[in-house]
Structure formats: C-alpha cells, structure tokens
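Each remark here refers to the structure printed beneath this line.
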Amino acid sequence: MSHHNSHIKFLFFTRLLVVVIHLWLAWRPSFAISEADILLKFRESLNNAIALSNWNPSRGPPCEGLRSNWDGVMCENGGRVLGLNLNGKGLGGDLDVVALTELTSLRVFGAMNNSFEGPLPSFKKLGSLKHLYLSHNKFSGEIKSNEFEGMNSLKKLHLAGNSFVGPIPGSLATLGKLVELMLENNKFDGKIPDFKQERFTLVNLSNNLLEGQIPVALSHLNASSFAGNIGLCGLPLKPCVSNPKLPMSTIVIVGISLAAALVAIVAVIVILTSRKRFPAPEEGASISHATGLRTVSLDELDKTEKGSTAASSSPEFPMMSPEGRKPEPSLKLTFLVDSGERFDLADLLNASAEMLGSGVFGSTYKAALGPGSTMVVKRFKHMNNVGKEDFHEHMRRLGRLTNHNLLSTVAFYYRKEEKLLVSHFAPNMSLAFHLHGNSKCEVRSGSKLDWPTRLRIVKGVARGLSYLYTELPSLTAPHGHLKSTNVLLNASFEPLLNDYGLLPVVNLEHAQKHMIAYKSPEYRQGKRITKKTDVWALGILILEILTGKYSENYFLQQGKAGIDSDLATWVESVMSDGSVEEVFDKDMVVNGGCDQEMRMLLKIGMSCCEVDVEKRWDIKEAMKSIEE
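All the letters of the sequence shown, read from the start, carry residue numbers 411 to 1038 under the working numbering.
So this is what it looks like as structure tokens:
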C-alpha cells in the first residue's frame, strides 16, 4: 500500500513538473528580453534621439512601481511600461512598432510634434493600445482602410497636422470604444465613414478635402469640427441639396464655354499687363474659399530701413529686415480674423510706429493706421520649426480661437527669415507693466491693481487658459509661454492672453532656452514638458500677482551657481517662518475681510506650481477652485 501511494505521488509530481516546465517555456519569450532592452532596441530606430539619452540601464530599470527612471516612460503599479510620451522631443526616423509589441502592458503611445515622416506605421500590431497620439509630424500617404482593424481598445486617436491623403480609414467606424478622433489639417478626401459611436467627446475633421453628408452620429458636434471642407453638408452644416445629373452633352458644352471664357480672360490680362510695368495694387481683399483666409496682395514693396530707437516714433515702420523690404512679386498679408478694418502690408510699413519693446523673439511695434485704428505688430525671428504650409495651417488653427480672454491674431506675414503677427492694441498694456513698471517708467502702476482687480485678472487668465486646453488638446502645453508680459489688459482691465499656441512653430533650441514651459520643474529635472506644465505657469503667475515679485528674475538665476528655484521657492521659505502676511504685495489695496480670499488664492497658486507633477493640480481642479 505504501509502495502504491509513493507511486501515485511520483506520478502527481511528475505531471506537475511537466505543467510547470510547459508554462515556463510558454512565458519565457516575453521575459527573455527585459523592457529596458526592448526600449533600447526601439530607440535605435530613431534619429536625433539625444532627448532620450537617459534611457540607460545604469539609471535602473525603466519602471520601479509607478516611478519612472527613464524620460518619457509611463509606468503602471506592477513596474511595467504603461506608455511612452515622446511628444516634442525633436525625434525622427522610423518607429519600430514591432519592437514595441514586446511591451505587453503598453497602452499609450505619444509622439506628437516631432519630425517622423512617410507612411503611418502599422500600429494595429499593438492591439491593446488605448491612446495613440501622432499629431504634428510629417506623415503622409494613404492609410489602408483596415489599418485599425482589431484595435478594439482604442479610445483616442490624434493624427492632426500631417499630410495624409485618401479616404478616412473605414475601420475606425468599427471601434466601439473610440471617443476622441483628431484628423484636422490633413488632406483626407471622400466621404466620412458611417460612424456609429455615440460616446464621441472630441472630434475634429476640419481642413481636409472631405465631401458628402455628415453621418448622423456626428451631427451633434460643433460646426467648427468640419470647417474647411467645402464639399461637406448636413447637420451641423448647411443641408444637403440633391442636384439632378446633367446629360454628358450639356457638361461638355459647359466645359468648352468655360475654357473659352478663361482663355479670353487670360488674353485681356496679358494685354493690360504689357502696357504697365507696375500695375496698381488691387484695392480691397479677395476671399480664398480654399483656405477660409482673407488675403491681401501687395504687388510692389520698395522700402529701406531707416533704423529706430526704442522710445521713438518713426514715419517708416522698422518692423522688417532690409531683406524683407526688397521688391517681391507678391507679398501677402494673410488675415485670420475679419475685423472690419482694411489695411495691407504697405499701410503697416508706412504707418507712424512706436516700438513698445524688444524681447527674446524680436521687437513689438504699435502702428497707428488712422483715427481709432491702432494695431500691434510683433516681429519673430526664430519661427522656422515648421515649413510654410505647416505654419499657415497652424496659424489658421489659432485664428479660429475665439474667447473673451484671448487676444486674437488678426493677420500674419510669412517669410522664411521672419514672421509678423498683427493684433489689436490693448490700451492698458501688460500685467507686468502694472505690477513692475518698465525701463521707461520709474514708478510702477501697481497701486491701480487693487485686490478685486487682481482677483478678476486671475479668473480671466484661468478661463482663457482652460479654453486653450479644450481647443488645443493635441498641444502638450497649449499656451507654452504664460507670463505677466504676455497678459495684456483691455480698457476694463480684463486680461487678454497673448503669444499662446506658438510652441510648435518656434525653433526648438530657442524655445528651450527662452519659453516659460521650459523653465518648469519637470523640464529642469527630466527634460520634458507635460499636460500640467501650463498649470505650473499659471501658479507662478498667481504668486506674482499676489506678491508683486517679478518671476522672471528668479528664472534668470536658474542654473547659476547651482541655483534651481522659482518664485514658489521664495514663497515657501517665507511661509515656513510663519509670516504669511509678508508674502503679499504691500502695494495691493485690500478692503477689510479679504484676507481669507487672499490666503485661499495663495494656496491655489502653490497647488498649481507643485514640483511633483503627479501631485500638481490639473487645469480642471485649478479652474474649479479659482471660480469658487
């Protein structure tokens, strides 16, 4: 009996061992290569991967629990790689999707605002992917209809600002969990697939070549989601009209007639132009239906730069370099907003101008075009991060933004060497001027900014920033350069955000050196910006408004003699001594009973600029607290 039991035990353990060995052999391939090796193999396929230089096993594994040791790596509880955030790192080359298939926990992949080009890689191999962000690269070509087949977990797909052509892949309509679809500013054509998803929260198909009726499932969206597609109809756009087909003979006759008319028009133009060496500039403006932009053409421009000083007015507008003033066959000022005013580049060049200031991007001028018409022109010298077509597309995108707390860009002028952005003049200058004065004024105007005014400014800034987060979801930092000099004040001291959304078009090296997003703790420590970077800038701005301290002075000290601090560091040091009252600006006129509100806003500001990104508030939390 004992021998029989021993035999049974032997058989049991033998079979158990076989099962264990079988399971080990089955699992071994997924663990044979570490996630560090997988990421290093993936990095080999990239060009200009200096931003990923800290992908090094000497720093430890990519993930330790939720903590990431490698830039751009997102981690889950079990210490596995959950996602890759490679947005805005200047990368190019090929995306080795096959290597990424070894990352079994990968759910998020982001590589927006880089220089990847060519056809879309086959991300369907990553069947468990939930979020895919590839906007603002140089991808091109047609995407196969079945490219997203089987990606049933996909919730968010961002492919905006590339050069994709052909129909929108039909397989997208089969993805039941899809809630975000951003395909704007491409060259997709044909009809929109018959989407059935009822949970869409964010869709943008604008500025493509789409035609036909908008699917019922998308009819509840805002009309701006379909703008720039002249062939689309149906809700929320104009109703579709069925046109009876004309006989082919009629079509041929009409075609011949149009061709003959065109030849006649060309002949007349040739005759007229041969009589004049320089034809008169066309008066008014023409509407470009293809782009939705109002374009003013200037046939001749022959100015010479006279030079100017910061405080002087000049009869010649010194906003362009001598090269920009040489005669060119067609210099164009492109309008983004129909402000009701008509002017062209010549008007700006000949306007009485005053330099308002000169910063790291260039100079700013105030141009008086006539009674009651004053514009501001900013000249940018470091805006060559994208080509002409991409620049136009991005400016058109910014031109569609309409919010009470944004200063709209009315028009722009493009040259490879420099760009001009035209906006309305804000009569009360910048918030920085009222808090700190400027080089031309010894006495600052801070006494005008009492507590109610400062609180109203904070609320307006937060609303404007929240709007940017909503309307520019593909930008990691939708403002990117939020500071007191970029908050202008209208006649009622309502704040207007300026210089927003420029991160994708500014030269990366210049942006990293000067733009506020790159002064954030996450960039100083980890060479990355995040979706909460602009919230950090909002927090610093709130502290500047409350303290009267100029935050830029702290940024200038960063990196000197090991100093790595900002205005929040100073506030913390004062508060640690129990002297909260010492934090607040002594020039702020405070009515009785406001102390509690001021302390609450101070707490909000500190929560917004928390060094730890995970602990830092997001824009929704910040908005809710500020409004309350």
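Even for Gly, the Cβ is constructed at its ideal location relative to N, Cα and C.
If you draw a 10 Å sphere on the C-beta of His-792, you find 16 or more other C-beta atoms in it, and that means buried. In this model, Ser-1035 and Ala-901 are separated by some 27 angstroms (Cα to Cα). Taken through DSSP and simplified to helix, strand or coil, Pro-862 comes out as helix.
C-alpha of Met-785 to C-alpha of Leu-746: approximately 14 angstroms in a straight line. When DSSP assignments are scanned along the segment 533-609, the uninterrupted stretches of beta strand (DSSP E) that are 3 or more residues long and fall wholly within it turn out to be 541-543, 548-552, 566-568, 573-576, 590-592 and 597-600.
In the structure shown, the three-state DSSP call for Thr-511 is coil. In this structure, the straight-line span from the alpha carbon of Asn-572 to that of Lys-597 is close to 8 angstroms. Classified as exposed, Lys-587 has fewer than 16 neighbouring CB atoms from the shown chains inside 10 Å of its CB. The beta carbon of Phe-753 sits closer than 6 angstroms to those of Leu-779, all from its chain and outside the five residues before and after it, given in chain order.
Between the alpha carbons of Lys-540 and Gly-493 lies a distance of about 10 angstroms. Selection His-924, Leu-977 and Met-1016 evaluated against Gly-772 yields His-924 as nearest (Cα-Cα). A Cβ-Cβ separation of about 39 angstroms leaves Gly-644 out of contact with Ile-939 under the 8 angstroms criterion.
Beta-bridge annotation (DSSP): Thr-812 is not paired with any residue. For Lys-601, the CB contacts under 6 angstroms within the same chain, skipping 5 residues up- and downstream, are Gly-622 in chain order. In summary, Val-651 is exposed, with fewer than 16 beta-carbon neighbours lying within 10 Å of its beta-carbon over all protein chains present.
By the Cβ neighbour-count rule, Asn-495 is buried, with 16 or more other Cβ atoms within 10 Å of its own. Residues of the same chain with a CB within less than 8 angstroms of the CB of Met-592, apart from the 5 flanking positions on each side, are Ser-545, Leu-567, His-568, Leu-569, Ala-570, Leu-612, Val-613, Asn-614, Pro-883 and Ser-884 in chain order. Restricting attention to beta strand (DSSP E) runs no shorter than 3 residues, the segment 890-928 encloses them at 897-899 and 905-907, ordered along the chain.
The beta carbon of His-834 lies closer than 8 angstroms to those of Ser-749, Thr-784, Met-785, Val-786, Leu-817, Ser-818 and Val-820 in the same chain, with the five residues before and after it left out. Here the alpha carbon of Ser-555 sits roughly 39 angstroms from the alpha carbon of Tyr-933.
Excluding five sequence positions before and after His-891, the CB atoms of its chain that fall closer than 6 angstroms to its own CB belong to Asp-909, Met-925 and Ile-926, given in chain order. In the DSSP assignment, Phe-452 falls outside any beta strand (DSSP E) and within the unbroken alpha helix (DSSP H) covering 445-454.
In the DSSP assignment, no residue is bridged to Met-1016. His-630 counts as exposed, since fewer than 16 other C-beta atoms from the protein chains shown sit within 10 angstroms of its C-beta. Counting only runs of 3 or more residues that sit fully inside the segment 473-532, the beta strand (DSSP E) segments are 483-485, 491-495 and 518-520, in chain order. A straight line joining the alpha-carbon of Asn-896 with that of Arg-806 spans about 21 angstroms. Closest by C-alpha distance to Phe-636, out of Met-1033, Ser-894 and Glu-594, is Glu-594. Listed as beta-bridge partners of Cys-643 by DSSP are Gln-623.
Contact between the segment 869-888 and the segment 943-951 is present: 3 or more CB-CB pairs across the two stretches fall below 8 angstroms. Contact check for Phe-549 and Lys-534: beta-carbon distance about 15 angstroms, past the 8 angstroms limit, so the pair fails to qualify. In the three-state reduction of the DSSP assignment, Ser-773 falls in the strand class, which pools E and B. Cα atoms of Arg-453 and Gly-769: separation of roughly 37 angstroms, rounded to the nearest angstrom. Here the alpha carbons of Val-1021 and Thr-584 stand approximately 42 angstroms from one another. Nearest in C-alpha terms to Ser-983, of all of Ile-952, Leu-951, Met-1016 and Asp-1005, is Met-1016. Residue burial annotation: Pro-529 is exposed, with fewer than 16 other C-beta atoms found within 10 angstroms of its C-beta. Per DSSP, the continuous alpha helix (DSSP H) segment holding Met-985 begins and ends at 977-986.
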